[in-house]
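Engineer:
2 protein chains.
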Amino acid sequence: MGLREPLREVAECGLPHALEVMGERWSFLILRAAFNGLIHFEEFSSELGIARNILSNRLAKLVEHGVLVRERCEGDKRKVEYRLTEKGVGLLPAMLSLRQWGEKYGTNVNPDLILVDARDGEPIAPITINSHDGRQLGWHDLAWREAGSQEWCCHDTPAAGS
Amino acid sequence: MGLREPLREVAECGLPHALEVMGERWSFLILRAAFNGLIHFEEFSSELGIARNILSNRLAKLVEHGVLVRERCEGDKRKVEYRLTEKGVGLLPAMLSLRQWGEKYGTNVNPDLILVDARDGEPIAPITINSHDGRQLGWHDLAWREAGSQEWCCHDTPAAGS
DNA sequence: CGCAACCAGTTGTTATTTGCAACTGTATTG
DNA sequence: CAATACAGTTGCAAATAACAACTGGTTGCG
Numbered sequence: 001m002g003l004r005e006p007l008r009e010v011a012e013c014g015l016p017h018a019l020e021v022m023g024e025r026w027s028f029l030i031l032r033a034a035f036n037g038l039i040h041f042e043e044f045s046s047e048l049g050i051a052r053n054i055l056s057n058r059l060a061k062l063v064e065h066g067v068l069v070r071e072r073c074e075g076d077k078r079k080v081e082y083r084l085t086e087k088g089v090g091l092l093p094a095m096l097s098l099r100q101w102g103e104k105y106g107t108n109v110n111p112d113l114i115l116v117d118a119r120d121g122e123p124i125a126p127i128t129i130n131s132h133d134g135r136q137l138g139w140h141d142l143a144w145r146e147a148g149s150q151e152w153c154c155h156d157t158p159a160a161g162s
Numbered sequence: 001m002g003l004r005e006p007l008r009e010v011a012e013c014g015l016p017h018a019l020e021v022m023g024e025r026w027s028f029l030i031l032r033a034a035f036n037g038l039i040h041f042e043e044f045s046s047e048l049g050i051a052r053n054i055l056s057n058r059l060a061k062l063v064e065h066g067v068l069v070r071e072r073c074e075g076d077k078r079k080v081e082y083r084l085t086e087k088g089v090g091l092l093p094a095m096l097s098l099r100q101w102g103e104k105y106g107t108n109v110n111p112d113l114i115l116v117d118a119r120d121g122e123p124i125a126p127i128t129i130n131s132h133d134g135r136q137l138g139w140h141d142l143a144w145r146e147a148g149s150q151e152w153c154c155h156d157t158p159a160a161g162s
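Chains as they are written, first to last, in this note's numbering: chain A, 1 to 162; chain B, 1 to 162.
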């Protein structure tokens, strides 16, 4: 099996952090709502049908982790605005990839709305893994390399690097 | 705000299905482990440190949803093998995108292992959203189009299509 | 063969999360 | 100034997760 990624020890990859922020129920649906332009508590509440205390908790957590910013609404100080930060917007590829996966493999998912390029109205491409020079990569084209090293090792075959 | 995606009514996008399959705690970490070549119950158990009943439950659910297949191990019939299906492998872009996000924005995430192209040992590119003809797209380059229609509408500006 | 260890779970119990409904405190509208 | 809207909070019931111990088939070994 060659070099295998240590899974819970040191050398933590980014996935645990991502899941700490986004791994709870509703987090991704709140994010989707935010990408669709919702900004107020009552909007999230009525569109998502989530319990108010949970919504409150999730919004606070997303703010705490820097995915959303919370600010009082100018012009109506009852309202609060939750807006995506740059960090939040950075989740768009992950969310769309999940969504494309759900549309491809889910049963009875036939979207009435298609996400398109605003410039020409053509559907966006499936999200893929690519090499530094643009070749499309699959699972078995990937390998691990230690941070300082020049050697690498195939994902699940004995050796490839040195 | 123009055309807005209905969020919980009809026209469900693929995200709810994806979250139904992968949205529970541990599901993504189990998937990561599977991508790293783990196949046996005891391997998942010891590498992830997850409670055995939860692991049992999650594996069953992932099998039920077609992400993994469960088969008895030839040669040692005590063991069971959980292997990724094509549907499971289809989650790799989403998982890597989440992971890249975690590595970019997470504090104290400095991976010792870098995911590289097995062919040349170069790190893979960041996962991006692309148009059908390969241009890289951001949030504000996206729009919604109704399934049958030729019209489209900018994501959060009044109009663009007709 | 017989016994100990191994593997993949299950069962029972306790802690943590979630969901629901009602309530609170400002701000705004009429 | 009263009624309503907004963004929460509080208290409680239900569901989910974590922990530990146990079960029931293999399998390796003497």
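Think of the CB as a built atom: it goes at the ideal place given N, C-alpha and C, for glycine as much as any other residue.
Among A:D141, A:G121, A:G106, whose alpha-carbon lies nearest the alpha-carbon of B:P123?
Structural biologist: Here the question's residue 123 of chain B lines up with position 123 in the second sequence. When only C-alpha atoms are compared, the closest one is A:D141.
Engineer: If we ignore side chains and look at the alpha-carbon of each, how far apart do A:L91 and B:G14 end up?
Structural biologist: Here residue 91 of chain A refers to the residue found at position 91 of the first sequence. Here residue 14 of chain B refers to the residue found at position 14 of the second sequence. So the two alpha carbons sit approximately 16 Å from each other.
Engineer: How many Å lie between B:N147 and A:G37 at the Cα?
Structural biologist: The residue given as residue 147 of chain B occupies position 147 in the second sequence. The residue given as residue 37 of chain A occupies position 37 in the first sequence. Looking at the sequence itself, residue 147 of chain B is Ala, so the reference to Asn does not match. In a straight line, the C-alpha of B:A147 is about 21 Å away from that of A:G37.
Engineer: How about B:Y82 and B:F35: do their beta carbons lie closer than 9 Å?
Structural biologist: Here residue 82 of chain B corresponds to residue number 82 of the second sequence, with the count starting at 1. Here residue 35 of chain B corresponds to residue number 35 of the second sequence, with the count starting at 1. No, Cβ-Cβ distance for B:Y82 and B:F35 is not below 9 Å.
Engineer: Report all residues from its chain with a CB closer than 6 Å to the CB of A:L3; omit the five preceding and five following residues, and keep chain order.
Structural biologist: Counted from its first residue, the first sequence places residue 3 of chain A at position 3. Only weak support is given to the placement of A:L3: the predicted model assigns it a pLDDT of 42, under 50, and the question is left unresolved by the model.
Engineer: Can you pull the chain B neighbours of A:I127, defined as C-beta to C-beta under 9 Å?
Structural biologist: Counting from 1 along the first sequence, the entry for residue 127 of chain A is found at position 127. Residues of chain B passing the Cβ test: P93, A94, S97, I127, T128, I129, N130.
Engineer: What residue does the alpha helix (DSSP H) around A:I30 start on, and which one ends it?
Structural biologist: What you label residue 30 of chain A is simply residue 30 of the first sequence in a count that begins at 1. Start and end: 27-35.
Engineer: Does any residue of chain A bring its CB to less than 9 Å from the CB of B:K77?
Structural biologist: Translated into the one-based positions of the second sequence, residue 77 of chain B becomes position 77. It does not: the Cβ of B:K77 has no partner Cβ on chain A nearer than 9 Å.
Engineer: Counting only beta-carbon atoms, is A:H40 nearer than 9 Å to chain B?
Structural biologist: For the purposes of this step, residue 40 of chain A is identified with residue 40 of the first sequence, where counting begins at 1. No, no contact with chain B.
Engineer: For A:A118 versus B:S97, is the C-beta distance shorter than 9 Å?
Structural biologist: For the purposes of this step, residue 118 of chain A is taken as the residue at position 118 of the first sequence. For the purposes of this step, residue 97 of chain B is taken as the residue at position 97 of the second sequence. No, Cβ-Cβ distance for A:A118 and B:S97 is not below 9 Å.
Engineer: Would you list the residues sitting across from A:Y82 in a DSSP beta bridge?
Structural biologist: In the first sequence, residue 82 of chain A corresponds to position 82, counting from 1. The partner list for A:Y82 (beta bridge, DSSP) reads A:R70.
Engineer: Under three-state DSSP, which class holds B:V10?
Structural biologist: If you number the second sequence from 1, residue 10 of chain B lands on position 10. Because the pLDDT at B:V10 is just 42, under 50, the model does not fix this residue reliably, and the value given afterwards should be weighed accordingly. If DSSP states are grouped into helix, strand and coil, B:V10 belongs with coil.
Engineer: Which chain B residues sit within Cβ distance under 9 Å of A:Y82?
Structural biologist: Translated into positions along the first sequence, residue 82 of chain A becomes position 82. Those do not exist, as A:Y82 stays about 15 Å from chain B at its closest Cβ, beyond 9 Å.
Engineer: Considering just the uninterrupted stretch of the alpha helix (DSSP H) at A:I124, what are its terminal residues?
Structural biologist: By one-based count along the first sequence, residue 124 of chain A stands at place 124. A:I124 -> no alpha helix (DSSP H), and no H or E assigned at all.
Engineer: Under the three-state reduction of DSSP, which class applies to B:Q150: helix, strand or coil?
Structural biologist: The residue given as residue 150 of chain B occupies position 150 in the second sequence. DSSP places B:Q150 in coil when its eight states are reduced to three.
Engineer: May I ask you to verify whether the segment 61-75 of chain A touches the segment 24-32 of chain A, counting CB pairs closer than 8 Å and requiring at least 3?
Structural biologist: In short, these stretches touch, since the Cβ pair count reaches three.
Engineer: Ends of the beta strand (DSSP E) at B:V109?
Structural biologist: Counted from its first residue, the second sequence places residue 109 of chain B at position 109. First-last for B:V109: undefined, no H or E at that position.
Engineer: Give me the Cα-Cα distance between A:G23 and A:V109, rounded to the nearest whole angstrom.
Structural biologist: Position 23 of the first sequence, counted from the start, is the residue given in the question as residue 23 of chain A. Position 109 of the first sequence, counted from the start, is the residue given in the question as residue 109 of chain A. Near 23 Å, if we compare the C-alpha coordinates of A:V109 and A:G23.
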